[in-house]
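J.: Read in order, the letters of the sequence shown are residues 53 to 317 in this note's numbering.
Beta carbons: idealized from backbone N, C-alpha and C, even for Gly.
This one's a predicted model, so the numbers in the text were calculated from it and none came from an experiment.
My structure is below; once you've seen it, I'll send some questions.
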Amino acid sequence: MTAANSLAGQIAAAVANGDLACVDLSNVLSPDFPVIALPEEFGQCAPFRMEPVSRYDDNGPAWYWNNISMNEHTGTHFDAPVHWVTGRNLPRNTVDKIEAKDFVAPAVVIDISREAEANADFVVTRAFLEDWEHANGVIPPRHWIALRTDWYKRVGTPQYMNLKEDGAHSPGPDATAMEFLVRERDCVGLAVETVGTDAGQAYRFDPPLPAHSILHGNGRFGLQCLTNLDKLPTFGAVIVAAPMKIRNGSGSPLRVFAMYDAAAG
């Protein structure tokens, strides 16, 4: 069998000829992109920084490159289970130990953009998800749960972080939703357009920060700061999300994209 006739070759050809639509889900990583802010008593996430080494000049007449530095959880990024205390003792819990095949998985896009527009603190509950399934169909196992909020349209404005005196205000799930998605729908992970998988005020929840705690304690993944979830179908897209292979890494920035059958889009 030639490469062109193989399944992998057919996928490559379908991408090349447009039969498979390919949607970029990543924000541009730059020094201007904001990072999550923790209470002052904790260590802080460093922003992305870039400085030129040479650009066709005396430091390198024929080449251009930069030195870069950043926190693992900067820009559009991946959370591995080890990122959270609940996942610290799990096997294969760092980005370098996760199998490559686990970075490719189908997605279900759950649209809460209207709710998020009306209420920045909108909370996704189990009851909400059950109602959504009644209207749209049951969430299949081993899928990314992609929460479409259209939050990416706020990038470049103060409303993206949406910080108030009591902290950030952004939508996200509660513990009932996360227990349902992980234990009853066997999700791969949670993918969001906000800066974190948890709601901005989730530190006040009981238990606090349930997305991080439940996802990573059960070996699931997180994707944050995505764009363009409104370009994907509810069912039928596949997300490719491969973080950098950092030794013992808790996560990393990455280029995330999704593919789906263009004829069905």
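Whose C-alpha, out of D226, A170 and D154, is nearest the C-alpha of F273?
T.: Within the sequence shown, the letter at position 221 stands for residue 273. It is D154 whose Cα lies nearest to the Cα of F273.
J.: Quick one: give me the first and last residue of the alpha helix (DSSP H) that F287 is part of.
T.: In the sequence shown, the residue the question calls residue 287 occupies position 235. Taken as a continuous stretch (DSSP letters only), F287 belongs to no alpha helix (DSSP H), being part of the beta strand (DSSP E) at F287 to V292.
J.: Touch check for the region 64–82 and the region 279–292: three-plus C-beta pairs under 8 Å?
T.: These segments touch.
J.: Find out if the Cβ-Cβ distance for the pair W203, T249 is shorter than 7 Å.
T.: Residue mapping note: residue 203 aligns to position 151 of the sequence shown, counting from 1. Residue mapping note: residue 249 aligns to position 197 of the sequence shown, counting from 1. No, these two residues do not count as a Cβ contact at 7 Å.
J.: Which term fits R182, buried or exposed, when burial requires 16 or more other beta carbons within 10 angstroms of its beta carbon?
T.: Numbered from 1 along the sequence shown, position 130 holds the residue referred to as residue 182. It should be pointed out that residue 182 corresponds to Glu in this sequence rather than to Arg. E182 comes out exposed.
J.: Output the boundary residues of the beta strand (DSSP E) element that contains N119.
T.: For the purposes of this step, residue 119 is taken as the residue at position 67 of the sequence shown. Residues G112 to S121.
J.: Buried or exposed: which applies to H186, given that a residue is buried once 16 or more other Cβ atoms fall within 10 Å of its Cβ?
T.: Here residue 186 refers to the residue found at position 134 of the sequence shown. By the neighbour-count rule (16 or more Cβ atoms within 10 Å), H186 is not buried but exposed.
J.: Which residue marks the beginning of the alpha helix (DSSP H) containing G230, and which one marks its end?
T.: For the purposes of this step, residue 230 is identified with residue 178 of the sequence shown, where counting begins at 1. One detail in the question is off: residue 230 reads as Met in this sequence, not Gly. Residues A227 to E231.
J.: Within 8 Å, do at least three Cβ pairs link the region 202–221 to the region 262–271?
T.: Not touching, per the Cβ criterion.
J.: From the DSSP output, read off the bridge partner residues of A197.
T.: Within the sequence shown, the letter at position 145 stands for residue 197. The residue you asked about is not Ala; residue 197 is Ile in the sequence shown. Its beta-bridge partners are V160 and L242.
J.: If you check the beta carbons only, do E124 and G303 fall under 7 Å apart?
T.: Residue mapping note: residue 124 aligns to position 72 of the sequence shown, counting from 1. Residue mapping note: residue 303 aligns to position 251 of the sequence shown, counting from 1. It is a contact, given that the beta carbons lie within the stated cut-off.
J.: Can you give me the start and stop residues for the beta strand (DSSP E) that Q276 sits inside?
T.: Looking up residue 276 in the sequence shown gives position 224. From DSSP, the beta strand (DSSP E) with Q276 extends over F273 to Q276.
J.: Distance, Cα to Cα, L199 vs P113?
T.: Indexing the sequence shown from 1 puts residue 199 at position 147. Indexing the sequence shown from 1 puts residue 113 at position 61. If you take the alpha carbons of L199 and P113, they lie about 47 Å apart.
J.: Buried or exposed for S222, going by 16 or more other Cβ atoms inside 10 Å?
T.: As a first step, residue 222 must be located in the sequence shown, where it is residue number 170. With 16 or more Cβ atoms within 10 Å of its Cβ, S222 is classed as buried.
J.: I'd like the list of long-range same chain contacts for F309, defined as Cβ closer than 7 Å, with 5 residues on each side in sequence excluded.
T.: Here residue 309 refers to the residue found at position 257 of the sequence shown. Excluding residues within five positions, the ones whose Cβ falls inside 7 Å are C74, V75, D76, L77 and V292.
J.: Given a cut-off of 7 Å on the beta-carbon distance, is the pair N119 and V105 in contact?
T.: One-based indexing of the sequence shown puts residue 119 at position 67. One-based indexing of the sequence shown puts residue 105 at position 53. It is a contact, given that the beta carbons lie within the stated cut-off.
J.: Tell whether a beta-carbon distance below 7 Å holds between W196 and V240.
T.: Walking along the sequence shown from the start, residue 196 turns up at place 144. Walking along the sequence shown from the start, residue 240 turns up at place 188. Yes, the pair counts as a contact, with Cβ atoms nearer than the cut-off.
J.: With distances taken Cα to Cα, identify the nearest neighbour of E236 among L267, N171, R140 and L59.
T.: As a first step, residue 236 must be located in the sequence shown, where it is residue number 184. Checked all of L267, N171, R140 and L59; the closest Cα to E236 is L267.
J.: Look up L81 in the DSSP assignment and say whether it is helix, strand or coil.
T.: Numbered from 1 along the sequence shown, position 29 holds the residue referred to as residue 81. Looking at L81 - three-state DSSP - the assignment turns out to be coil, as it is neither helix nor strand.
J.: Could you tell me whether any non-hydrogen atom of the ligand ADP is closer than 6 Å to the CB of V190?
T.: Absence of the ligand ADP from the depicted structure is noted, as is the absence of any ligand whatsoever, leaving it without description.
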